[in-house]
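J.:
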Amino acid sequence: MADRYQRFASTGPGRLLVRRLGLPNPVPLRRHRPGDPLVPAPVLVGGGGRVTDAVHAALRSARVDTRSTPESDARYGALVLDATSIVDSRGLRALYDFFHPVVRGLTSCGRLIVIGTPPDQCDDSREATAQRAVEGFVRSMGKELRRGSTAQLVTVSVGAEHAVESTLRFLLSGRSAYVSGQVVRIDPVGAVPEVDWDRPLAGRTALVTGASRGIGAAIAEVLGRDGAHVVCLDVPAQGQDLSAVANRVGGSALQLDITADHAPGRLAEHLRDRHDGVDIVVHNAGITRDRTLAKMTEAQWDSVLAVNLTAQERLNDALLGADVLRRGGRVIGVSSIAGIAGNVGQANYATSKAGVIGMVRSLAPVLAARDVTINAVAPGFIETRMTAAIPLFLREAGRRMNSMSQGGLPVDVAETVAWFANPASTGVNGNVVRVCGQSLLGA
Ligand code: NAD
-17 MADRYQRFAS TGPGRLLVRR LGLPNPVPLR RHRPGDPLVP APVLVGGGGR VTDAVHAALR
43 SARVDTRSTP ESDARYGALV LDATSIVDSR GLRALYDFFH PVVRGLTSCG RLIVIGTPPD
103 QCDDSREATA QRAVEGFVRS MGKELRRGST AQLVTVSVGA EHAVESTLRF LLSGRSAYVS
163 GQVVRIDPVG AVPEVDWDRP LAGRTALVTG ASRGIGAAIA EVLGRDGAHV VCLDVPAQGQ
223 DLSAVANRVG GSALQLDITA DHAPGRLAEH LRDRHDGVDI VVHNAGITRD RTLAKMTEAQ
283 WDSVLAVNLT AQERLNDALL GADVLRRGGR VIGVSSIAGI AGNVGQANYA TSKAGVIGMV
343 RSLAPVLAAR DVTINAVAPG FIETRMTAAI PLFLREAGRR MNSMSQGGLP VDVAETVAWF
403 ANPASTGVNG NVVRVCGQSL LGA
């Protein structure tokens, strides 16, 4: 699992060699630690569109040192441009005018954020064209910035301006260390609940499937850190590891195979009887059974689809049908960049993970009526036992073929899940956000 190349590249001789040979330079990423400031250097905000006031209010609430006038030679932790006032292609010049003079002043692990309008919400074709064009700018910046910096586009629908704080906090902080080149959409909602930003999930119950190890264990830890009681679920064979995770996060363990016929009913009963319902459901359990299609057995196809997709649909039906998922609830899927790009030997897996995206997109409007959101993370190369088992050459390629030149950590996926789970993320619905360091796959 250890990334020996990254360790070597951070030594004196390693740094020299990396620079001389133009090799990938995986800098240590800024990851969140409790007590850290949201951004370690001032944030420059520009633009003056309809979201600017809300951006300033969010940054004030987060006690961020904010500047509105660029200074030559200044160092900035983040550059934020409200581009919602761009209404045609000529207006795109505002991107150049704002970022060109200051982009060199961005610190390492800095943040570049552009705020736009979703093209389908624009008044006419010219505005929609220009707003769509911003995506190309942001994705290119993600690739150009290097040194662990990220670039994102946040599209804010008209009427959703007041709902940007949880997303801005996530994207500016070290919680989004391995998220880059993404387009996040915020839709109109009623009032946004007030939260204690240190423990936003206090008093909530979360279910995490596949929680005994890897990404699921990290999700359980982060949701527990944020104040949730976490019901950690895994198959009986993982019972010992599962109990250890549940104890560590101060939660409880539930041994259940999610593909069993009785699983949805048992789970609904457990959550209703023991916890009076559930607020957050994270469908993390997943398996791979890789083979090219010609060599794949029926069992390999069936088991992957059953765990990764059908079980999730059955659990959703049971939890929603019996009103076990409370109002204000959160459903969070775990897709994969393989579900976006496809992959040799993973026709079964990619089908199931693309299905997760379909589930998110189709259920989002239905669940919105119940004040519930559904979103998914799509991880890229994450350092787990699963990826440690990949043959060396492929593993190295997977690690380096992204803008960060390194693999992500389970905590990076977990922090993204926690942002979706936050009660203040009520306008974030129907999003699929890749946690892949802007992988070249599926770009
Ligand atoms: P992992 O194999 O370490 O953990 C998966 C967990 O799911 C295991 O504890 C397993 O026992 C549990 N599980 C499997 N079948 C189950 C069932 N029928 N009922 C209950 N639990 C079951 O995998 P991981 O790397 O931590 O991956 C977690 C999720 O992230 C998966 O959905 C995976 O597809 C996805 N993902 C991982 C990566 C990566 O790089 N590791 C990349 C993209 C997506």
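Residue numbers for the sequence shown follow the working numbering, so the first one is -17 and each next one is one higher. Where a beta carbon is used, it is the ideal one built from N, C-alpha and C, also for glycine.
(1) Please determine, among Thr149, Val231, Leu307, Glu143, the residue with the shortest C-alpha to C-alpha distance to Asp255.
(2) By Cβ distance below 7 Å, which residues in the same chain neighbour Pro83 in space, the five residues on each side in sequence not counted?
(3) Please determine, among Asn229, Ser225, Arg230, the residue with the shortest C-alpha to C-alpha distance to Gln237.
(4) Apart from the five residues just before and just after Trp283, which ones in its own chain have a Cβ nearer than 7 Å to its Cβ?
(5) If we count the other Cβ atoms within 10 Å of its Cβ and call it buried at 16 or more, is Lys335 buried or exposed?
(6) One question on the structure: do Ser162 and Gly130 come within less than 7 Å of each other, judged by their Cβ atoms?
(7) Round the Cβ separation of Arg186 and Ala210 to the nearest angstrom and send it over; I've been treating them as touching at under 8 Å.
(8) Which residue wins for smallest C-alpha separation from Thr355, given the options Pro170, Leu391, Ala396?
(9) Can you list the beta strand (DSSP E) stretches of 3 or more residues lying completely in the region 210 to 236, in chain order?
(10) Cutting at 7 Å between CB atoms, please list the residues of its own chain near Gly192, excluding the five before and the five after it.
(11) Is it the case that the CB of Val289 approaches a heavy atom of ligand 1 more closely than 6 Å?
(12) Cα-Cα, which of Gly29, Ser50, Leu94, Asn290 is closest to Val69?
(13) Considering only C-alpha positions, which residue in the set Ser71, Arg72, Ser90 is nearest to Leu61?
(14) Considering only the alpha carbon of each residue, which of Gly(-6), Val9, Ser(-8), Thr(-7) lies closest to Gly389?
(15) In whole angstroms, give me the CA-to-CA distance for Gly340 and Met278.
(16) Should the region 368 to 382 be called in touch with the region 403 to 418, which here means at least 3 C-beta pairs below 8 Å?
(17) Where are the alpha helix (DSSP H) runs, 4 residues long or more, that stay fully inside the region 133 to 162, in chain order?
(18) Report buried or exposed for Ala250, applying the criterion of at least 16 other Cβ atoms within 10 angstroms of its Cβ.
(19) So if DSSP puts Gln164 in a beta bridge, which residue, or which two residues, is it bridged to?
(20) Assign Gly409 to buried or exposed, taking buried as 16 or more other Cβ atoms, counted over all protein chains shown, within 10 Å of its Cβ.
(21) How about Gly384 and Gly419: do their beta carbons lie closer than 7 Å?
(22) Please report the Cβ distance between Asp241 and Ala293, rounded to the nearest whole angstrom; I am assuming they are in contact, meaning their Cβ atoms lie under 8 Å.
(23) Less than 6 Å separating the Cβ of Thr241 from some heavy atom of ligand 1?
(24) Hey, how far is the Cα of Leu11 from the Cα of Leu345?
(25) Does the region 389 to 402 come close enough to the region 136 to 145 to have 3 or more Cβ pairs within less than 8 Å?
(26) Give the straight-line distance between the Cα atoms of Ala133 and Arg157, rounded to the nearest whole angstrom.
(27) Return helix, strand or coil for Val348, following the three-state DSSP convention.
(28) The beta strand (DSSP E) spanning Arg416 covers which residue range?
(29) Please report the residue range of the alpha helix (DSSP H) in which Val377 lies.
(30) Rounding to the nearest angstrom, what Cα-Cα distance links Ile201 and Leu302 in this structure?
(31) As a quick exercise: from Val359, Val136, Leu150, pick the residue whose alpha carbon is nearest that of Gln113.
(32) Smallest Cα separation from Arg45: which of Leu20, Asp64, Ala36?
(33) May I have a chain-ordered list of the beta strand (DSSP E) segments no shorter than 3 residues that lie completely inside the region 18 to 89?
(34) With a cut-off of 8 Å on the beta carbons, I'd call Leu297 and Ile262 a contact; round off their distance for me.
(35) Can you tell me whether DSSP reads Thr270 as helix, strand or coil?
(36) May I ask which residues mark the beginning and end of the beta strand (DSSP E) holding Pro361?
T.: In this structure, then:
(1) The residue with the shortest Cα to Cα distance from Asp255 is Leu307.
(2) Within the same chain, Pro52 come within 7 Å of Pro83 by CB-CB distance, once the 5 residues on both sides are set aside.
(3) With distances taken between Cα atoms, Gln237 lies closest to Ser225.
(4) Cβ neighbours of Trp283 within its own chain (closer than 7 Å, five residues either side excluded): Asn330.
(5) Lys335 comes out buried.
(6) Contact: no.
(7) Indeed, because the Cβ distance is near 5 Å, the residues count as touching under 8 Å.
(8) When each option's Cα is compared against that of Thr355, the closest is Pro170.
(9) The qualifying runs are 211 to 216.
(10) Result list for Gly192: Gly198, Asp216, Asn266, Ala267, Gly268, in chain order.
(11) Yes, ligand 1 has a heavy atom inside 6 Å of this Cβ.
(12) The shortest C-alpha separation from Val69 is found at Gly29.
(13) Among Ser71, Arg72, Ser90, the Cα nearest to that of Leu61 belongs to Ser90.
(14) The shortest C-alpha separation from Gly389 is found at Val9.
(15) Whole-angstrom Cα-Cα distance: 24 Å.
(16) Verdict: no, contact absent.
(17) Runs found: 147 to 154.
(18) That one is buried.
(19) According to DSSP, Gln164 bridges with Gln134.
(20) Gly409 comes out buried.
(21) One point to set straight first is that residue 384 is Asn, not Gly, in the sequence displayed. Annotated as proximal: Asn384 and Gly419, with beta-carbon spacing under 7 Å.
(22) Asp is not the amino acid found at residue 241; the sequence shown has Thr there. Between Thr241 and Ala293 the beta-carbon gap is near 5 Å, inside 8 Å, which marks them as a contact.
(23) In this structure, Thr241 has its CB closer than 6 Å to one or more heavy atoms of ligand 1.
(24) One alpha carbon belongs to Leu11, the other to Leu345, and they sit about 34 Å apart.
(25) Segments in contact, no.
(26) Near 14 Å, if we compare the C-alpha coordinates of Arg157 and Ala133.
(27) In this structure, DSSP gives Val348 a helical state, which the three-state scheme calls helix.
(28) That run of the beta strand (DSSP E) goes 414 to 417.
(29) Looking at the sequence provided, one finds Arg at residue 377 rather than Val. Counting along the chain, the alpha helix (DSSP H) containing Arg377 begins and ends at 374 to 382.
(30) Roughly 22 Å between the two C-alpha positions.
(31) Put simply, of Val359, Val136, Leu150 the residue whose alpha carbon is nearest the alpha carbon of Gln113 is Val136.
(32) Among Leu20, Asp64, Ala36, the Cα nearest to that of Arg45 is on Leu20.
(33) Listed in chain order, the complete beta strand (DSSP E) runs (minimum 3 residues) inside the region 18 to 89 are 25 to 28, 58 to 64.
(34) A Cβ-Cβ distance of about 13 Å is found for the pair Leu297 and Ile262, leaving them out of contact under the 8 Å criterion.
(35) Coil, per DSSP.
(36) Its beta strand (DSSP E) spans residues 355 to 361.
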